[in-house]
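Chain order of the listed sequences is A and B.
Numbering follows the working numbering, with no gaps: position 37 of the first sequence is 37.
Numbering follows the working numbering, with no gaps: position 139 of the second sequence is 331.
Glycine is no exception: its CB is placed at the ideal position from the N, C-alpha and C atoms.
Since we're looking at a predicted model, the values are computed, not measured.
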Amino acid sequence: MAVIDVDGLEKSFGDVNALNGVELEVKKGEIVGVLGPNGAGKSSLMKALTGQLEYDSGNVSVLGRDPVKEPVEVKKRIGALPEREDPPSFLTGSEYFEFVSDVRETDIESDRWIEKLNLKGKLDKMTQDLSKGERQKLMISQAFFHDPDLVFVDEPLVNLDQVIQERVKELFEEKREDGGTIFLCTHVISLA
Amino acid sequence: MIRKMIKEEWRRNSRLYRGRSFALFPAVIFLFSLGWNYMVVNFSTLSYPMIGNSLAAIAGLMGVAVGLSGFSGKDAFRNVLGDTNYIVFSSHTLPVSKRKLYLEFFIKDTFFYMFLVIIPLSLGFLIPTGFAILPSLLDAAALFTLGLMSSALVALSSLTLPSLNIVNYGNIDVLDPVADKSVVDIFRSSGGFLKILFSLGVLSFFYWIMVLNFPLASIFLENPLLSFSILIGLINLSIYNWLNKFDSLETYSYIPLDSLSIAHSKQIAYLSLALPVSFVMVLASTLVYQGHILLSLVTAASTTVYGMAVAVRVLGLSPNESLFHADIFLKYILGMGAVTVPLLYMSIIYSERFLFHVLAVCGLGLMAGSFVLLRTQRDELS
């Protein structure tokens, strides 16, 4: 069963043709990596699939829904780790988790993520006072904690140390083993 | 460095406001000023010295408003402008002192607002009066500088105060997540909630000084508390600005929220702050002038709600950037003027027999506000 189905997807920004007739099918339980150099259109593709960007033409289905027509419904069912998007800076880490769980109307097992991504002692600080890597850990947590069937991750390992990078890869593998799907955009060949 | 900063500011704004539209902003100010002063010179009994005084007063008010931008402080730079792309942040990587850069940034802003507002405004005063009020330009320049320096001093010194952590996320049950977060942002950013009180307090202080001490203002304002309550709706735009200063639609793009629900949250946050603050401002003003307290509270509530509707509908979720867009500025002024101008006029001629009329316009303002909000809920915000 295809969880992502893309046919003839096109998107231009002025003269720049970012997405040119993209064809794609991703099945449940797969980890799919999109590899390409900077400026290749990976983030545009991810934004188009997650309802963050309106495309010019083509057909897109994510979990059976059109992300342009039903962006909120799609975002409810997926997890998304955007590139370079920080958590709101004046909330503490725990308040940020509470904020996202309020929006998603779900509970979060904070302890699980503190343990898994080594966030002990970090959640009481305002996120603007955390390091880039710690902020990335919060963002990874929010993409997974509501246990979505499909998770989009854009450059997930950026700013993370080697140990945490391995744990994040394990997280992807666990999600796949549970029947979930990971859609990954990166320019890191070894990760793809 | 200042020249480069001005060039940078110009390019940033031209890009944000689609080039010509931004360049047209001073032209719009000039035409407004010219039209108004043409009417005043030809159809009123005001003398040239009085017109010159009003130019000086407006310049002083502008100085206060520009100086208050000092409240933007490091948080706004960090959150809105980003802390890597702008010249003002080159002290991170280049051997230039932070103090020098911030001073030059401040000077650049002063020049920028002089060009955007003060010069076109002054020309609009000078031409219809045949340059007879030329000497008033000196007063205007002095008051602009004085207003700017004093409010900037207050704003910058308040940034050294600790931000108040008395409001935590999840403490206020009536607020939805984004409204709650927006209120927390204001309380925890530099200057905390004091920056709102300072912004409104300084502008209110300036209003009362002008009304109580300058003959021109007192001619126009026969019922100053009532007139003040009407202006509250205009002044409260600064609260809406602050509520939108630390985030954008992009901030929430990866979670299940759409632009309309975010706009709705901002309205709730605005009302939860602006209504109590407006009432406090009106009640505090009774210390210097009494009269029509209840009516003034009703009027303040009406203009605050109406002001929110116009701000949401016309300025969207980027009020700080949108206001210098010539088309948007015109729409905003006309939108606000539709209710505040009749109310201001009635406050000038007010007597007990006009009570019903004022209440009727307040009601119309509330209804118009509600109508605009209902339309906003149906349409997509940009």
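Contact defined as beta carbons within less than 8 angstroms: I believe residue i pairs with residue j. What is the distance between those atoms, to the nearest angstrom?
i: residue 440(B); j: residue 52(A); result: With a Cβ gap of about 13 angstroms, residue 440(B) and residue 52(A) do not count as contacting.
i: residue 497(B); j: residue 561(B); result: 5 angstroms
i: residue 425(B); j: residue 338(B); result: About 27 angstroms separates the two Cβ atoms, so there is no contact after all.
i: residue 214(B); j: residue 549(B); result: That belief does not hold up - the Cβ atoms of residue 214(B) and residue 549(B) are roughly 40 angstroms apart, past 8 angstroms.
i: residue 488(B); j: residue 417(B); result: 5 angstroms
i: residue 367(B); j: residue 461(B); result: 7 angstroms
i: residue 29(A); j: residue 181(A); result: 6 angstroms
i: residue 492(B); j: residue 477(B); result: Rounded, the Cβ-Cβ distance is 10 angstroms, inconsistent with contact.
i: residue 434(B); j: residue 378(B); result: 5 angstroms
i: residue 359(B); j: residue 375(B); result: 6 angstroms
i: residue 474(B); j: residue 539(B); result: About 13 angstroms separates the two Cβ atoms, so there is no contact after all.
i: residue 511(B); j: residue 432(B); result: 6 angstroms
i: residue 222(B); j: residue 315(B); result: 6 angstroms
i: residue 438(B); j: residue 99(A); result: About 14 angstroms; that fails the 8 angstroms criterion.
i: residue 68(A); j: residue 449(B); result: About 16 angstroms separates the two Cβ atoms, so there is no contact after all.
i: residue 16(A); j: residue 60(A); result: Rounded, the Cβ-Cβ distance is 20 angstroms, inconsistent with contact.
Per DSSP, what kind of secondary structure is residue i in: helix, strand or coil?
i: residue 60(A); result: strand
i: residue 93(A); result: helix
i: residue 520(B); result: helix
i: residue 509(B); result: coil
i: residue 27(A); result: strand
i: residue 80(A); result: strand
i: residue 483(B); result: coil
i: residue 491(B); result: helix
i: residue 12(A); result: strand
i: residue 450(B); result: coil
i: residue 439(B); result: coil
i: residue 324(B); result: coil
i: residue 530(B); result: helix
i: residue 51(A); result: coil
i: residue 200(B); result: helix
i: residue 17(A); result: strand
i: residue 151(A); result: strand
i: residue 40(A); result: coil
i: residue 541(B); result: coil
i: residue 555(B); result: helix
i: residue 478(B); result: coil
i: residue 5(A); result: strand
i: residue 188(A); result: coil
i: residue 198(A); result: The requested residue 198(A) does not occur in the structure, where chain A is confined to residues 1 to 192.
i: residue 168(A); result: helix
i: residue 275(B); result: Caution applies to residue 275(B), whose pLDDT of 45 falls short of 50 and renders its modelled position unreliable; the model cannot decide the point.
i: residue 223(B); result: helix
i: residue 259(B); result: helix
i: residue 237(B); result: coil
i: residue 340(B); result: helix
One question on the structure: do residue i and residue j come within less than 8 angstroms of each other, judged by their Cβ atoms?
i: residue 527(B); j: residue 502(B); result: yes
i: residue 201(B); j: residue 300(B); result: yes
i: residue 531(B); j: residue 557(B); result: yes
i: residue 41(A); j: residue 8(A); result: no
i: residue 127(A); j: residue 96(A); result: yes
i: residue 308(B); j: residue 225(B); result: no
i: residue 62(A); j: residue 185(A); result: no
i: residue 172(A); j: residue 4(A); result: no
i: residue 625(B); j: residue 240(B); result: Chain B is shown from 193 up to 574; residue 625(B) falls before or after that span and cannot be answered.
i: residue 305(B); j: residue 254(B); result: yes
i: residue 429(B); j: residue 499(B); result: yes
i: residue 139(B); j: residue 297(B); result: No answer is possible for residue 139(B): it lies beyond the span of chain B, which begins at 193 and ends at 574.
i: residue 27(A); j: residue 18(A); result: no
i: residue 130(A); j: residue 120(A); result: no
i: residue 2(A); j: residue 80(A); result: no
i: residue 43(A); j: residue 83(A); result: yes
i: residue 535(B); j: residue 524(B); result: no
i: residue 504(B); j: residue 455(B); result: yes
i: residue 248(B); j: residue 324(B); result: no
i: residue 146(A); j: residue 36(A); result: no
i: residue 151(A); j: residue 175(A); result: yes
i: residue 71(A); j: residue 443(B); result: no
i: residue 458(B); j: residue 404(B); result: no
i: residue 392(B); j: residue 427(B); result: yes
Three-pair Cβ contact test at 8 angstroms for the region 74-83 of chain A versus the region 336-344 of chain B | no
Any chance you could list the alpha helix (DSSP H) runs of at least 4 consecutive residues sitting entirely within the region 82-148 of chain A, in chain order?
-> 93-104, 110-116, 132-144
Between the region 110-123 of chain A and the region 161-170 of chain A, are three or more C-beta pairs nearer than 8 angstroms?
-> yes
Ranges of the alpha helix (DSSP H) found wholly within the region 351-433 of chain B, counting only runs of at least 4 | The alpha helix (DSSP H) runs lying completely inside the region 351-433 of chain B and spanning 4 residues or more are 369-380, 386-405, 407-412, 416-427, given in chain order.
Between the region 121-136 of chain A and the region 151-163 of chain A, are three or more C-beta pairs nearer than 8 angstroms?
-> yes
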